[in-house]
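Okay, structure first, notes after.
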Amino acid sequence: MSAILIIEQVLNGLQFGVMLFLMAAGLTLIFGVMGLINLAHGSLYMVGAFAAAAVAGVTGSFVLALAAAMGAAAIAGVLVETLVIRRLYRADHLDQVLATFALILIFSEGTRWAFGSFPLFLDTPSWASGPVTLPGGIEYPKYRLMLIGVGLAVAAGLGLLITRTRIGIQIRAGENDREMIAALGVDISRLYTLVFALGAALAGLAGALVGAIQSVQVGMGEPVLILAFVVIVIGGIGSIKGALIGAILVGLTDTLGGIFLPEVFKLFMAPAGATATGSALASMAIYILMGAVLIWRPTGLFGARP
Amino acid sequence: MKRTLMAAALAALATGALADGHGGVKVGMITTLSGGGAGLGIDVRDGFLLAVAQSGRDDIEVVVEDDQRKPDVAVQLADKMIRAEKVDVMTGIIFSNLAMAVVPSATAQGKIYLSPNAGPSALAGRGCHENYFNVAWQNDNLHEAAGAYANTAGYANSFILAPNYPAGQDALTGYKRMFEGDLAGEVFTDLGQTDYAAEIAQIRASGADSVFFFLPGGMGISFLKQYADSGVDIPVVGPAFSFDQGILQAVGEAAVGVVNTSQWSKDLDNPTNAAFVESFQAEYGRLPSLYASQGFDTANLLISALETAGPDDLEAFRAALKAADFDSTRGDFAFGSNQHPIQDIYAREVIVEDGVFTNKVIGLALEDHGDVYAAECRL
Numbered sequence: 084m085s086a087i088l089i090i091e092q093v094l095n096g097l098q099f100g101v102m103l104f105l106m107a108a109g110l111t112l113i114f115g116v117m118g119l120i121n122l123a124h125g126s127l128y129m130v131g132a133f134a135a136a137a138v139a140g141v142t143g144s145f146v147l148a149l150a151a152a153m154g155a156a157a158i159a160g161v162l163v164e165t166l167v168i169r170r171l172y173r174a175d176h177l178d179q180v181l182a183t184f185a186l187i188l189i190f191s192e193g194t195r196w197a198f199g200s201f202p203l204f205l206d207t208p209s210w211a212s213g214p215v216t217l218p219g220g221i222e223y224p225k226y227r228l229m230l231i232g233v234g235l236a237v238a239a240g241l242g243l244l245i246t247r248t249r250i251g252i253q254i255r256a257g258e259n260d261r262e263m264i265a266a267l268g269v270d271i272s273r274l275y276t277l278v279f280a281l282g283a284a285l286a287g288l289a290g291a292l293v294g295a296i297q298s299v300q301v302g303m304g305e306p307v308l309i310l311a312f313v314v315i316v317i318g319g320i321g322s323i324k325g326a327l328i329g330a331i332l333v334g335l336t337d338t339l340g341g342i343f344l345p346e347v348f349k350l351f352m353a354p355a356g357a358t359a360t361g362s363a364l365a366s367m368a369i370y371i372l373m374g375a376v377l378i379w380r381p382t383g384l385f386g387a388r389p
Numbered sequence: 004m005k006r007t008l009m010a011a012a013l014a015a016l017a018t019g020a021l022a023d024g025h026g027g028v029k030v031g032m033i034t035t036l037s038g039g040g041a042g043l044g045i046d047v048r049d050g051f052l053l054a055v056a057q058s059g060r061d062d063i064e065v066v067v068e069d070d071q072r073k074p075d076v077a078v079q080l081a082d083k084m085i086r087a088e089k090v091d092v093m094t095g096i097i098f099s100n101l102a103m104a105v106v107p108s109a110t111a112q113g114k115i116y117l118s119p120n121a122g123p124s125a126l127a128g129r130g131c132h133e134n135y136f137n138v139a140w141q142n143d144n145l146h147e148a149a150g151a152y153a154n155t156a157g158y159a160n161s162f163i164l165a166p167n168y169p170a171g172q173d174a175l176t177g178y179k180r181m182f183e184g185d186l187a188g189e190v191f192t193d194l195g196q197t198d199y200a201a202e203i204a205q206i207r208a209s210g211a212d213s214v215f216f217f218l219p220g221g222m223g224i225s226f227l228k229q230y231a232d233s234g235v236d237i238p239v240v241g242p243a244f245s246f247d248q249g250i251l252q253a254v255g256e257a258a259v260g261v262v263n264t265s266q267w268s269k270d271l272d273n274p275t276n277a278a279f280v281e282s283f284q285a286e287y288g289r290l291p292s293l294y295a296s297q298g299f300d301t302a303n304l305l306i307s308a309l310e311t312a313g314p315d316d317l318e319a320f321r322a323a324l325k326a327a328d329f330d331s332t333r334g335d336f337a338f339g340s341n342q343h344p345i346q347d348i349y350a351r352e353v354i355v356e357d358g359v360f361t362n363k364v365i366g367l368a369l370e371d372h373g374d375v376y377a378a379e380c381r382l
């Protein structure tokens, strides 16, 4: 197990983490501000990826594709918020889960109807494909480095938005006391639509960025959605900082656990058994992490409420 | 979602297919038409219906139902087809876990089952049945061929990976059965995993001279794109499942030059295949995949058997099926003692042809290959 392999895996974990952050940031804002469990967040991720693939197919421009992904996901988000979700703010969580689960089915079959059952093609742009050699002789894909950069930049931008702008103040106030900011004259339903569109755009961006190295197909959002929920539970609901730390923790745990746990078990077990036990434990690792965090801090790392 | 198809009624009236005295046959097709594996089921269905339409018989009624890739749904549909629709022959299932849920009970109730895709080892060995015919392959076959190809290519040290589920374990077993070199590493990934950066880093560090992978559908797309992007240039071998016509366009450049093993390819040189490829393209506006060829062959096997006997005389009908007296798109085709195919398996290479990614046969990997489980079957 060389140092190069370890560094490469840490970079992989970091890259996975920042992409999870893009999903989790929207989810945690929507949950924190509106108190809404949005299972359809994964569908917005899928909408972003399909929009990017369609636009990249026509124009050949990756930057335009990313813009289209964010735009399409934001529009889908606004439609969903105004048509369906607005009616559910006062309903209990079970009704929200039911309605947003229905949205998953509608989005999935709608996408299949529009784009067909076969996966779409979306590739990394030529200026970002291929490996680069990092100091120390590590070869690493340029595109994944770019993903880390984009993710961290979005995190910084969101942090500024939340802490330094008027909108950010309203969002934080909305999390703390909905009635009060409504009484102070802030148009709460416009704020909700805005937050939903922002979260949706981030999910769409993640879908397009990840779709370029994975496959763009119906149902691609749901596995990521589950991990994003783990992230916001670990980070604390409503906290952007928590989402970032939680996402990177989950990314690193998942990636490094999958590599090193089998190696650890090989120290005192037969190789075949060690691989099986190690892999089994690795796939549980993030949930064990989540359990441990919840025992230590029941509201999550940076969460204010349970 | 139910479609009942009375195939080519007018043409059959002209040829008088009804007059030969065997009566009609009702086929129940349960296949995956929605969800992640939908592309496979759609191809099998389209290939099957194309052959039925081309036969010009109006006495073959096909009832198509969607199993949504869920075993419980498949079991319910099978029940309905046997009890309410009273089908004679069943076919269509794509995934081995669904086949295991449906096939044993259907064959035990006296229905003929023709598998157009799934070939779990449990149905090839001790669990074989006189009413069960597999027209595609036993699950291990293409992986064995990949191992055999690796030997001829001179590889001596392979890194192998597959998802951790029964067909994935069968895949690695199949490769290891034929491959004579050493293993640089053996990794089971999660089923449905989309990011392979960690595995690719292990491959890079392993010192292997070749990589064998079985990652069907979207998993293979992700792996190949990320592998090409990583700068690792160790050659890759795999079964055709990650290189079929349906998904190659989504993989793109990353797949070009990769060798994969298949019992069928669109450029196999025989008249049946040439006619199949041309008519499939004319009918559906896309190139056929190996799944489409399997659906097409399944229907033609059924049609050939109906020429001699109908399902009302089960004994004679089974014998007619077992004779496999039809023109396969694969060229030579015969059933082994366990009613699984004995066939040639080819090595293909991914190429670009008129701007479309497709496969070209580069050689024979295994000749007249059956499966190891036949010995355990007591038919």
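Those protein sequence lines, which keep their order, are chains A and B.
Under our numbering, think of the first position of the first sequence as 84, with each following residue one higher.
Under our numbering, think of the first position of the second sequence as 4, with each following residue one higher.
The beta-carbon is built from N, C-alpha and C at its ideal position, and this holds for glycine as well.
Bear in mind that the values here come from a model prediction, so they are computed numbers and not experimental data.
Could you say if the stretch 237-254 of chain B and the stretch 355-368 of chain B meet the contact criterion of at least three C-beta pairs nearer than 8 Å?
These segments touch.
Out of B:Phe98, B:Gly234, B:Val66 and B:Ala187, state which residue places its alpha-carbon closest to the alpha-carbon of B:Phe215.
B:Ala187
Can you tell me which of the three DSSP states A:Leu174 falls into?
It is worth fixing the name first, because residue 174 of chain A is Ala in this sequence and not Leu. Of the three classes helix, strand and coil, the one that applies to A:Ala174 here is coil, per DSSP.
When the distance is taken between beta carbons, is A:Gln300 closer than 7 Å to A:Pro224?
no
So, for B:Gly24: in the same chain, excluding its five sequence neighbours on each side, which residues have a beta-carbon less than 6 Å away from its beta-carbon?
Interpretation of B:Gly24 is limited by its pLDDT of 42, a score under 50 that renders its predicted location unreliable; the figure taken from the coordinates is listed afterwards. Excluding residues within five positions, none has a Cβ falling inside 6 Å.
Cβ atoms of B:Phe217 and B:Pro242: under 7 Å apart, would you say?
yes
Just curious, the alpha helix (DSSP H) that A:Val141 is in, first and last residue?
His124 to Thr142
B:Asp371: which of B:Ile85, B:Ile115, B:Gly334 and B:Gly128 sits nearest, CA to CA?
B:Gly334
Would DSSP call A:Val233 helix, strand or coil?
helix
Check whether the Cβ atoms of A:Ala139 and A:Leu205 sit closer than 7 Å, and answer yes or no.
In contact: A:Ala139 and A:Leu205 (Cβ atoms closer than 7 Å).
Here's the rule I'm using: 16 or more other beta-carbon atoms within 10 Å means buried, otherwise exposed. How should A:Tyr370 be labelled?
exposed
Thinking C-alpha only, which one of B:Ile96, B:Pro107, B:Ala159 and B:Val375 is nearest B:Lys73?
B:Ile96
I'd like to know if A:Phe204 contacts chain B, where contact means its C-beta is closer than 7 Å to some C-beta of that chain.
yes
Would you say the stretch 217-228 of chain B touches the stretch 119-127 of chain B, given that touching needs at least three Cβ pairs under 8 Å?
no
For B:Asp328, I'd like the list of residues in its chain whose CB is within less than 6 Å of its CB, leaving aside the five on either flank, ordered along the chain.
Ser307
Tell me the rounded alpha-carbon separation between A:Ser85 and A:Ala286.
35 Å
Delimiting residues of the beta strand (DSSP E) encompassing A:Met117:
Run containing A:Met117: none in the beta strand (DSSP E); it sits in the alpha helix (DSSP H), Ala86 to Met117.
Would you say A:Ile296 faces chain B, with C-beta separation under 7 Å as the test?
yes
Beta carbon of B:Asp70 nearer than 7 Å to that of B:Leu43
no
Kindly list, in the order they appear in chain A, the residues whose Cβ is closer than 7 Å to that of B:Phe191.
Here the neighbours are Ser362.
Coarse secondary structure for B:Ile250, derived from DSSP in three states:
helix
Rounded to a whole number of angstroms, what is the C-alpha to C-alpha distance between B:Asp1 and B:Gln266?
The displayed coordinates of chain B run from 4 to 382. Any statement about residue 1 of chain B would go beyond what the structure contains.
Starting from the beta carbon of A:Tyr370, find every residue of chain B whose beta carbon is closer than 7 Å, and list them in chain order.
Simply none; closest approach about 13 Å.
In this structure, what does DSSP give as the bridge partners for B:Gly334?
B:Ser331
Please report whether the beta-carbon of A:Thr382 lies at a distance below 7 Å from any beta-carbon of chain B.
no
At which residue ranges does the stretch 131-178 of chain B contain complete beta strand (DSSP E) runs of 3 or more residues, listed in the order of the chain?
135-137 and 160-166
Tell me, please, whether the stretch 93-107 of chain A touches the stretch 326-339 of chain A by the rule of three or more beta-carbon pairs shorter than 8 Å.
Below 8 Å, enough C-beta pairs join the stretch 93-107 of chain A and the stretch 326-339 of chain A to call them touching: three or more.
Nearest CA to the CA of A:Ser200: which residue from A:Ile315, A:Met303, A:Gly356 and A:Leu384?
Among A:Ile315, A:Met303, A:Gly356 and A:Leu384, the Cα nearest to that of A:Ser200 is on A:Met303.
What does a CB cutoff of less than 6 Å around B:Ser37 pick up in its chain, not counting 5 residues either side in sequence?
Asp69 and Gln71
Since A:Leu149 contacts A:Leu308 with CB under 8 Å, what's their CB separation in whole angstroms?
No, A:Leu149 and A:Leu308 are not in contact; Cβ-Cβ is about 21 Å, not under 8 Å.
Rounded to the nearest angstrom, what separates B:Asp270 and B:Ala148 at their Cα positions?
19 Å
Hey, how far is the Cα of B:Ala111 from the Cα of A:Trp379?
56 Å
Please go through the stretch 248-313 of chain A and give each complete beta strand (DSSP E) segment of 3 or more residues, from N-terminal end onward.
Segments of the beta strand (DSSP E) lying fully in the stretch 248-313 of chain A: there are none.
Can you list, in chain order, the residues of its chain with a C-beta nearer than 7 Å to that of B:Val78? Leave out the 5 residues immediately preceding and following it.
Ala104 and Val105
According to DSSP, is B:Tyr376 part of a helix, a strand, or is it coil?
Correct three-state label for B:Tyr376: helix.
Can you tell me where the beta strand (DSSP E) with B:Asn276 in it begins and where it stops?
Annotation: B:Asn276 is outside any beta strand (DSSP E); the continuous alpha helix (DSSP H) that includes it extends over Pro274 to Tyr287.
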